[in-house]
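**Q**
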Amino acid sequence: MVGVVGLGTMGAGIAEVFARAGLRVIGVEADPEALARGRGHLERSTGRAVDRGKLTGGERDEILGRITLTTSRDDLRDADLVVEAIPEILDYKVSLLEDLDRICKPETVLATNTSSLSVTAVAAATGRPGRVIGLHFFNPAPVMRLVEVVGTVVTEPSVVAGITELSVRLGKTPVTVGDRAGFVVNRLLLPYLNQAAVLLDLGLAGRDEIDAAMRLGVGLPMGPFALLDLIGLDTAYEIMGVLFDETRDRRHAPAPVLRELVTAGLLGRKTGRGFHGDETAPREPEQVAGVTFGVAGDDPSSIAEALTKAGFAGSDDPDVLLRFSDRPVVEHAVRLRRPSSLVGVHLVGDRVAELAATVLTSPEAARAAAGLMTAIGRTPVPCKDRAGFVVDALLYPYLNDAVRMYDSGYASIADIDAAMRLGCGYPAGPFEMLESLGLARVRDGLRALYAEHREPAYAPAPLLDHLVTAGMTALPRP
Ligand code: 3HC
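Here numbering that gives the first Met the number 0 is used: the first residue of the sequence shown is 0, the next is one more, and so on.
1) Return the chain-ordered list of same chain residues with a C-beta closer than 6 Å to the C-beta of V467, the five sequence neighbours on each side being excluded.
2) Which of the three DSSP states, helix, strand or coil, is assigned to P86?
3) Can you check the region 158 to 226 for any beta strand (DSSP E) of at least 3 residues that lies completely inside it and give the ranges in chain order?
4) Can the beta-carbon of L89 be found less than 9 Å from the beta-carbon of S117?
5) Mind checking who I66 pairs with in its DSSP beta bridge?
6) Are the C-beta atoms of I66 and some chain B residue less than 9 Å apart?
7) Given that a residue counts as buried once 16 or more other Cβ atoms are within 10 Å of its Cβ, and exposed if not, what is I91?
8) Verify the contact flag: S135, CB atom, against every heavy atom of ligand 1, threshold strictly below 8 Å.
9) Whole angstroms are fine: how far does the CA of L192 sit from the CA of I85?
10) Starting from C103, trace the alpha helix (DSSP H) in both directions and tell me its first and last residue.
11) Spatial neighbours of P338 within its chain, please: CB distance less than 7 Å, with the 5 preceding and 5 following residues excluded, ordered by chain position.
12) Does the distance from the C-beta atom of H275 to that of F323 stay below 9 Å?
13) Applying the criterion that 16 or more other CB atoms from any shown protein chain within 10 Å of the CB defines a buried residue, is D210 buried or exposed?
14) For the structure I just gave you, are there three or more beta carbon pairs, one from the region 311 to 320 and one from the region 281 to 300, closer than 8 Å?
15) How close, in whole Å, do the beta carbons of L257 and A196 come, if the pair is a contact with beta carbons under 8 Å?
16) Measuring from the CB of L226, is there a heavy atom of ligand 1 at a distance below 8 Å?
17) So, does the region 11 to 27 touch the region 61 to 79, judging by three or more C-beta pairs under 8 Å?
18) Could you check whether the Cβ of G424 sits closer than 8 Å to any heavy atom belonging to ligand 1?
19) Just to confirm before moving on: does the CB-CB distance between L145 and V174 stay below 9 Å?
20) Pop quiz: G5 and E83 are said to be a contact at Cβ under 8 Å. What is the actual Cβ separation, rounded to whole angstroms?
21) Excluding the 5 residues flanking T119 on each side, which residues of the same chain have their C-beta closer than 6 Å to its C-beta?
22) Compute every distance between the C-beta of A364 and the non-hydrogen atoms of ligand 1, then say whether any falls below 8 Å.
23) Ligand 1 heavy atoms versus the CB of N193: any closer than 8 Å?
24) Output the distance between the C-alpha atoms of G231 and A263, rounded to the nearest integer angstrom.
25) Quick one: is the Cβ of G12 within less than 8 Å of any heavy atom of ligand 1?
26) A356 and V342 - do their beta-carbons sit closer together than 9 Å?
27) Please look up how many angstroms separate the CB atoms of F136 and I13, rounded, as I've assumed it's under 8 Å.
28) Could you give the uninterrupted runs of the beta strand (DSSP E) lying entirely in the region 338 to 362, keeping only those of 3 residues or more?
29) Exposed or buried, what is D233 when buried is set at 16 or more other beta-carbons lying within 10 Å of its beta-carbon?
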């Protein structure tokens, strides 16, 4: 029998996962209102599965029938495992664990679904630190296949083994790691999401454009702002605070816009509004006609061909000059007779074109460039002329962080790749992405980011640098 304390989005999802696996579940909330909200989560989630033909009505009733809801923690006295999923505040968790330690039988395993807090600190609050473990699910818990199983220096090996085995029985893929802030996924994911919020705040590009660049360009299931809204901005803010306290890395300082939204009570999906939720009518794609274009820089032929096919004329004295460049675009602009017509272009995958306007680019040229990209079936992502534009500025530091994590010995390449694929639905893990982009290209991109921002964390990880210097195109795998 399993207890789940806290039936918010995560706790209700976790209760559903156990009940789906045939286990009896006791779900505990603080008061009747919160319990009713938890019941609502369970009913909606399983109802959606019935609507999609994934469960029959009878199966749904059986699943819900295995879950007993209560406001009394004392009902957990006979549970074999209790998972807590209450808010991400250490004092709350410590006080809950003290209580559970008193209520539950001595052999009960107490698990915390903490996203980033120290499992060791939570374990130390009990008289059974060897039977306390981290069991970290991903939102939506019934869908995401990963669980992180977090053992501390005092967790009994049999408890780690038992919880790992149970995770497999739940249909999940466990990745077993030690107790570091953020574990694998949040340590790699949250700094990327936080950085997206910083770029938005700096006006580098718009919310929908950044979301589109990462979703359509990189193939992620959600853009960073849609994902922040799913996770909850309060949770993201708390996690960043914990990461910052451990690392003192400036990139881990919560983005000011997160604090502002959280203070305003705009927490994302759970309150109906966060970064998204104030949508007006979607912006119509730019349409242009009769614009002449020039293309310069590396490999301009494919885009010139596509534009000619779409009926646009090339010209040496163009309305708009598109320049492929990995240097600041403005360095090219100042050498031109008409710098106002220059727009930097960076194609991302098959569907996105980042368009960097310099301080000299005219609004007409920027609009014309967006229209040209729309005409050839690419989503334009207008942005400022900064190293890495949007995608590389968000993706490369994440890949660099993954290399540093592996090099520190915290987790294997296979586990890190699996964690990001199964925990976040990424099409590929960071090492798979790194190898398909090319180690040298990512190393050089990081050097450009470092040169511009002088941010130590952007400097290529020594391992990456050495692999490129040694002419390697893949990470060494055992
Ligand atoms: N509850 C239950 N089931 C849900 C659900 C929910 N909230 N949302 C979606 N689903 C199910 C649907 O029923 C559907 O199931 P089916 O394939 O069996 O029919 C499936 O998920 C796909 O749903 P949709 O077709 O409606 O939507 P998408 O295809 O767009 O997928 C998504 C939605 C699964 C949320 C996908 O966008 C995704 O994988 N996003 C990334 C989520 C992510 O990164 N999660 C990790 C966040 S980090 C975290 O949780 C850690 C924490 O500590 C902060």
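Cβ atoms here follow ideal geometry from the backbone N, Cα and C, with glycine treated the same way.
All figures in this text were calculated on a predicted structure; none of them were measured in a lab.
**A** Quick answer:
1) The count along the sequence shown starts at 1 and reaches residue 467 at position 468. Around V467: L438, A439, R442.
2) To locate residue 86, count along the sequence shown from 1; it is residue 87. Three-state DSSP puts P86 in coil, outside helix and strand.
3) 172 to 176
4) To locate residue 89, count along the sequence shown from 1; it is residue 90. To locate residue 117, count along the sequence shown from 1; it is residue 118. Yes; because the gap between Cβ atoms is below 9 Å, this pair is in contact.
5) As a first step, residue 66 is located in the sequence shown; it is residue number 67 there, counting from the start. Paired residues: V24.
6) No chain B is present in this structure, which holds just one protein chain.
7) Here residue 91 is taken as the residue at index 92 of the sequence shown, counted from 1. It should be noted that the sequence gives Tyr, not Ile, for residue 91. That one is exposed.
8) In the sequence shown, the residue the question calls residue 135 occupies position 136. At residue 135 the sequence reads His, which differs from the Ser that was named. Because some heavy atom of ligand 1 lies under 8 Å away, the Cβ of H135 counts as near it: yes.
9) Numbered from its first residue, the sequence shown carries residue 85 at position 86. Numbered from its first residue, the sequence shown carries residue 192 at position 193. If I take the Cα positions, the gap works out to 22 Å.
10) For this step, residue 103 is matched to residue 104 along the sequence shown. Taken as a continuous stretch (DSSP letters only), C103 belongs to no alpha helix (DSSP H), as it is neither H nor E.
11) One-based indexing of the sequence shown puts residue 338 at position 339. The residues are A332, L359.
12) In the sequence shown, residue 275 corresponds to position 276, counting from 1. In the sequence shown, residue 323 corresponds to position 324, counting from 1. Taking 9 Å as the Cβ cut-off, H275 and F323 do not qualify as a contacting pair.
13) Within the sequence shown, the letter at position 211 stands for residue 210. It is buried - the Cβ of D210 has at least 16 other Cβ atoms within 10 Å.
14) yes
15) To locate residue 257, count along the sequence shown from 1; it is residue 258. To locate residue 196, count along the sequence shown from 1; it is residue 197. With a Cβ gap of about 6 Å, L257 and A196 count as contacting.
16) In the sequence shown, counting from the first residue as 1, residue 226 sits at position 227. Checking the Cβ of L226 against ligand 1 gives yes.
17) yes
18) Working through the sequence shown from its first residue, we reach residue 424 at position 425. Flag set: Cβ of G424 near ligand 1.
19) Residue mapping note: residue 145 aligns to position 146 of the sequence shown, counting from 1. Residue mapping note: residue 174 aligns to position 175 of the sequence shown, counting from 1. In contact: L145 and V174 (Cβ atoms closer than 9 Å).
20) For this step, residue 5 is matched to residue 6 along the sequence shown. For this step, residue 83 is matched to residue 84 along the sequence shown. Sure, about 6 Å apart at Cβ, within 8 Å.
21) The residue you call residue 119 lines up with position 120 of the sequence shown. Correct list, in chain order: T151, D178.
22) Numbered from 1 along the sequence shown, position 365 holds the residue referred to as residue 364. No - ligand 1 has no heavy atom lying nearer than 8 Å to the Cβ of A364.
23) Translated into the one-based positions of the sequence shown, residue 193 becomes position 194. No, since every heavy atom of ligand 1 falls outside the 8 Å radius drawn around the Cβ of N193.
24) Locating residue 231 in the sequence shown gives position 232, where the first residue counts as 1. Locating residue 263 in the sequence shown gives position 264, where the first residue counts as 1. Cα to Cα, G231 sits roughly 13 Å from A263.
25) As a working mapping, residue 12 is identified with position 13 in the sequence shown. Yes.
26) Position 343 of the sequence shown holds residue 342. Position 357 of the sequence shown holds residue 356. Yes.
27) Within the sequence shown, residue 136 is the residue found at index 137, counting from 1. Within the sequence shown, residue 13 is the residue found at index 14, counting from 1. Between I13 and F136 the Cβ distance is about 5 Å, and since that is below 8 Å, they are a contact.
28) 341 to 347, 351 to 356
29) For the purposes of this step, residue 233 is taken as the residue at position 234 of the sequence shown. It is buried - the Cβ of D233 has at least 16 other Cβ atoms within 10 Å.
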